[in-house]
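Report on one structure; see the data block that follows.
In UniProt numbering, the protein residues as written are 1 to 129.
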């Protein structure tokens, strides 16, 4: 799902649709972009201040870790940063910084990095300056 600010709401609908069809959360697989911090850098489509945005992403990571082992809760996106005019180095720097912020918030929440980090994905724009 390529959504960010409303990702937790749409993902919740997806989980409920699965449940209504007899498919439990542990059976569902997929990826939610859910990269709200990138919205401040590249797309200017943010709905929440950075602190609450980071909390929502961390809530999603926490729920996915506990209930949906086949779901990637965040796809950290450099593509949009690059399309907004960054250089390749800036794309990598901002994207990795966002990823680091998500990991730090999840660890601060008490999650074990080995339980959630393997399911974080990255999405980059691949071309030269």
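All C-beta atoms in this analysis are idealised placements derived from N, C-alpha and C, irrespective of residue type, glycine included. None of these values were measured; they are calculated from a predicted model.
Where residue i falls, given that 16 or more other Cβ within 10 Å makes a residue buried
i: residue 80; result: buried
i: residue 9; result: exposed
i: residue 100; result: exposed
i: residue 53; result: buried
i: residue 16; result: exposed
i: residue 20; result: exposed
i: residue 96; result: exposed
Residue i versus residue j - alpha carbon distance
i: residue 78; j: residue 86; result: 10 Å
i: residue 112; j: residue 88; result: 31 Å
i: residue 120; j: residue 74; result: 5 Å
i: residue 56; j: residue 107; result: 14 Å
Of the residues the options, the one placed nearest residue i, counting alpha carbons only
i: residue 70; options: 20, 21 and 116; result: 116
i: residue 3; options: 55, 33, 92 and 28; result: 33
i: residue 47; options: 5, 82, 23 and 88; result: 5
i: residue 122; options: 92, 28 and 23; result: 92
Beta-carbon proximity list for residue i, same chain, < 7 Å, skipping 5 on both sides
i: residue 98; result: 35, 37, 38 and 76
Neighbourhood of residue i by C-beta distance below 6 Å, restricted to the same chain and skipping five residues each side
i: residue 90; result: none
i: residue 105; result: 54 and 58
Distance CB(residue i)-CB(residue j) smaller than 8 Å
i: residue 67; j: residue 25; result: yes
i: residue 41; j: residue 102; result: no
i: residue 18; j: residue 28; result: yes
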